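Heads up, the thing below is written out as structure tokens.
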Amino acid sequence: MARLKLGVLISGRGSNLQSLIDACADPAFPAEIVLVISNIPNVQGLDRAEKANIPTKTINHKDYDAREKFDQALTETLQQAGVELVCLAGFMRIVTAQFLAHWPDQVINIHPSLLPAFKGIHVHERVIEAGVKFSGCTVHYVVPEMDAGPIITQACVPVKDEDTPDTLAARVLEQEHVIYPLAVRLIAEKRLQQ
Ligand code: GAR
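If you read the sequence shown in my numbering, its first letter stands for residue 29, the second for the next number, and so on.
Shown next as structure tokens:
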């Protein structure tokens, strides 16, 4: 069976990208990464892709005077590569409704909290400050409202009394690397129902 063609969008370290690269290295995994795009030049994630012989492109948002034009450049580049599913992996830009209109139900994101709790940024600081006992991560479909789309899968971790944002982030990240490939597999195998 043909493998689902993924385009992965990153802004930095790319450890979630790495989890997808590693999953796709198994010929039995039902997806493959055909393109990695970063909006920031020279980030670690681009090195990870190059090491795995995956084509990369930097599309710097600062080169565009409007969000829509940046998103149009993303869309054209993804289309040229034949991308079928767009995976946001630490991509720290909000995509426009116009972008999503080009990719209906074809854009997913990973977020380091148990959505709908703790949307947005500085998640782990806010989790600790709130005193909740569990946190986690979520893979969800992207809709115009930030971090609000239908949930595909989640994983839960304990928040320990002695946690700092960094120790909690590391515990959550470990689970991110498990659930992102799982979510891609569920989609590629058409095992999700809307
Ligand atoms: C991950 O923790 C991801 O969940 C988060 O950024 C980190 C990227 O790490 N994403 C968001 O906060 C999106 N709002 P990575 O570059 O090593 O994958």
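Glycine is no exception: its CB is placed at the ideal position from the N, C-alpha and C atoms. Computed from a predicted structure; not experimentally measured.
Self-check item: C-beta atoms of residue 117 and residue 138 nearer than 8 Å
Solution: For residue 117 and residue 138, yes; Cβs fall inside 8 Å.
Quiz item: When the Cα atoms are used, what is the spatial distance from residue 218 to residue 85?
Solution: 29 Å
Self-check item: Cβ shell of residue 130 (< 7 Å), same chain only, five flanking positions each side left out
Solution: 103
Self-check item: residue 208 - containing alpha helix (DSSP H), residue span
Solution: 193 to 216
Quiz item: Is there at least one non-hydrogen atom of the ligand GAR closer than 7 Å to the beta-carbon of residue 204?
Solution: yes
Practice problem: Answer yes if the region 32 to 42 comes into contact with the region 68 to 84, meaning at least three C-beta pairs across the two stretches below 8 Å, and no otherwise. | Solution: yes
Practice problem: Please report the residue range of the alpha helix (DSSP H) in which residue 143 lies. | Solution: Neither: residue 143 is in no alpha helix (DSSP H) and is coded neither H nor E.
Quiz item: Can you tell me where the beta strand (DSSP E) with residue 183 in it begins and where it stops?
Solution: 179 to 186
Quiz item: With DSSP run on the structure shown, which of helix, strand or coil describes residue 150?
Solution: coil
Quiz prompt | Cutoff 6 Å; reference residue 112; Cβ partners in own chain excluding five residues on either side | solution = 32 and 33
Self-check item: Buried or exposed (CB count within 10 angstroms, at least 16 for buried), residue 122
Solution: exposed
Practice problem: For the alpha helix (DSSP H) containing residue 105, list its first residue and its last residue. | Solution: Its alpha helix (DSSP H) spans residues 95 to 108.
Quiz item: Does the beta carbon of residue 110 fall short of 7 Å from some heavy atom of the ligand GAR?
Solution: No, the ligand GAR has no heavy atom inside 7 Å of this Cβ.
Quiz item: If you drop the 5 nearest sequence neighbours on each side, which residues of the same chain put their C-beta closer than 7 Å to that of residue 175?
Solution: 139, 143, 147 and 148
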